[in-house]
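Residue numbers (full-length UniProt numbering), protein chains in the order written: chain C, 1 to 224; chain W, 1 to 248. Since the structure comes first, as structure tokens, the remarks are kept for the end.
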Amino acid sequence: MHVFSDPKNFDAYVSSFLWILKLTGASAVCALLLGVLLAAMRVSPVPVLRGFGAAWVNIFRNTPLTLVIFFCYFGLYATLGLSLSQKLDINRYWLGVIGLSVYTAAFVCEAVRSGINTVPTGQAEAARAIGLSFAQTLRIVVLPQAARSVIAPLGSVLIALCKNATIVGTIGLMETSNVMKDLINSNGNAVIVIFLVFAGTFAAFLIPTGYLFGWLANRLAVKR
Amino acid sequence: MTTGEPLIVLDSVNKWYGPLHVLDDVSLSVGRGEVVVVIGPSGSGKSTLCRTINRLEPINSGTITFDGQELPAEGKALAKLRSDVGMVFQSFNLFAHKTILENVTLGPIKVRREKPAAARERGLALLDRVGIANQADKFPAQLSGGQQQRVAIARALAMQPKAMLFDEPTSALDPEMVGEVLDVMTSLARDGMTMVVVTHEMGFARHAANRVIFMADGKLVEDASPTEFFANPRSERARDFLSKILTH
């Protein structure tokens, strides 16, 4: 453990996980909002919106995340000049958030859409029959019930998002995989230890997250 | 019973599910305060007929007029029309994530923009009327089928509808719960509510209906008063149907 007793290494380790936490947090919020919007489009009666939603899912679900992140950096930033901050690492962070969000939104959309399909059609019919609009039916009756059945699958999406955040390291952000690589390069005698510490930290956070979502899903399930 | 212009008018309505002609040139008019019971063998199109009246099922040709106005195609106008037509489903369809009282007050608050306190008060009065006021804070899954269906009727009534549609309201109930739901419907009929009721309850048709409509193969075969229909069915199909259900 002597590698991590060096304060410089320890700080790098902590800040790398803080980046992962920030990437996951911001991307989770954006992906959730975007994903729900896309799911609403995919079940809407308007063909153009349905097509847009389907296209989004097909493009981002079937493209490697590494390519999406690369495009954000080399396409949006380097070629099209989209700069989100004067600071290099903050800029990379937000470009990473964009890539993670648009990619994860596709998975959120599909999870929410399958959740919507678990709500019996009679619920939406009853809502329309008392005069609720399409948007009200979705917002007041269908989505709250879909949300409860979608908690467990969204937990898996969140866990995947957290691990996927390491790919932002490929555009130079000093998150876990980058820091781990540097530590391994300069401490060739402690490769296994370094690897286990990083892997263990991920597992220590993500295993309870999985259980938390499972517990929530059971607690909030709609009784029929 | 019928006064002034009819409330619901169907004129030459046709509907196909693919090659299946589920509504075959159906014309029907229902007067204000009239109770029309629709009977017929399964697959005869009676549920579909009921669901076209608030456009839960779109039609392929013909016109449906409600309260002097042709049914709007989509959007706000259609939502407005639906809020004036109460609907009770075979499978109750109470909002599973809302309490009994919330089920009844949701429409008045979100559609009619009533004040929650006023909606609550009227909701409780309606629940009292259908005999479930003491269950107001429970969730639908905690109630029996008969109780759920009575809540569904209260939910529809909370919108102060001009007419009520019942799509086989007792078909999913245990036999001992059919009576409590029919009692509520009978009292509604007595109070002068315009009702279209798709049902297999011949007793209800006999004592509560002003007219009985018999449907078979998507066609409206007979349209008569209950006494006339049950004593003297004119068509072979109706005689056959009645002989099958009334011999047991």
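Backbone N, C-alpha and C fix where the C-beta goes; we use that ideal spot for every residue, glycine too. Note that the structure is a prediction, hence the values are computed from the model and not measured.
Looking at C:G155, C:T201 and C:E110, the one whose alpha-carbon comes closest to that of C:G214 is C:G155.
Take the alpha-carbon of C:I140 and the one of C:I207: they are about 33 Å apart. For the set W:A118, W:N134 and W:M177, the Cα lying nearest the Cα of W:A158 is the one of W:A118. The beta carbon of C:P47 does not come within 8 Å of any beta carbon belonging to chain W, so the residue lies off that interface.
In the DSSP assignment, W:V130 falls outside any alpha helix (DSSP H), carrying neither H nor E. Residues of the stretch 68-86 of chain W with a C-beta less than 9 Å from any C-beta of chain C: E74, G75, K76, L78, A79, K80, L81, R82, S83, D84, V85 and G86, listed in chain order. Residue pairing for W:R211: DSSP places it in a beta bridge opposite W:V36. Taking the beta carbon of W:V111 as reference, the chain C residues within 7 Å of it are I130, G131 and L132, listed in sequence order.
Under the Cβ criterion of 8 Å, C:I140 is counted among the residues facing chain W. Comparing alpha carbon positions, the residue from C:Q123, C:L161 and C:M180 closest to C:V222 is C:Q123. Closer than 8 Å to the CB of W:G218 there is not a single CB belonging to chain C. Here C:P47 is exposed: its Cβ has fewer than 16 other Cβ atoms, across all protein chains shown, within 10 Å. Under the three-state reduction of DSSP, W:V198 is assigned to strand. Under the Cβ criterion (8 Å, minimum of three pairs), the stretch 146-161 of chain C does not count as touching the stretch 124-132 of chain C. With a 10 Å radius around the Cβ and a threshold of 16 neighbouring Cβ atoms, W:N103 comes out buried. The contact set of W:M159 on chain C, defined by CB atoms closer than 8 Å, consists of I130 and G131 in chain order. One alpha carbon belongs to W:T199, the other to W:A154, and they sit about 19 Å apart. Per DSSP, the continuous alpha helix (DSSP H) segment holding W:K244 begins and ends at E236 to L246. By the 16-neighbour rule on beta-carbons within 10 angstroms, C:L212 is exposed. Under DSSP, C:K223 shares a beta bridge with no residue.
Take the alpha-carbon of W:S144 and the one of W:S12: they are about 40 Å apart. Within the stretch 68-142 of chain C, the runs of alpha helix (DSSP H) that reach at least 4 residues and sit entirely inside it are, in chain order, 88-118 and 121-129.
Excluding five sequence positions before and after C:R92, the CB atoms of its chain that fall closer than 6 Å to its own CB belong to I171, G172 and L173, given in chain order. Judged by beta-carbon spacing, W:A238 lies within the 8 Å limit of W:F214, meaning their Cβ atoms are closer than that value. DSSP, reduced to helix, strand and coil, places W:F95 outside both helices and strands of the structure shown, so it counts as coil. Counted as a single uninterrupted DSSP element, the beta strand (DSSP E) harbouring W:A163 occupies residues A163 to D167.
Contiguous alpha helix (DSSP H) elements confined to the stretch 11-76 of chain W occur at 46-52, taking only those with 4 or more residues.
In the three-state reduction of the DSSP assignment, W:K219 falls in the strand class.
At the C-beta level, W:L81 and W:F66 come within 8 Å of one another. Between W:E201 and W:T170, the CB-CB gap stays under 8 Å. Taking the CA atoms as reference points, W:L23 sits about 9 Å from W:K46. At a cut-off of 8 Å between C-beta atoms, W:S91 counts as an interface residue with respect to chain C. Rounded to the nearest angstrom, the Cβ distance from C:V168 to C:L23 is 6 Å, consistent with a contact under 8 Å. At a cut-off of 8 Å, the C-beta of W:A125 has no neighbouring C-beta in chain C. Minimum Cα-Cα distance from C:A31 among the listed residues C:V14, C:F4, C:S44 and C:G99 corresponds to C:G99.
Sequence-distant partners of W:L127 (beyond 5 residues in either direction) whose C-beta falls short of 8 Å from its own C-beta, in its chain, are I100, L101, V104, A133, Q135, A136, V151 and A154.
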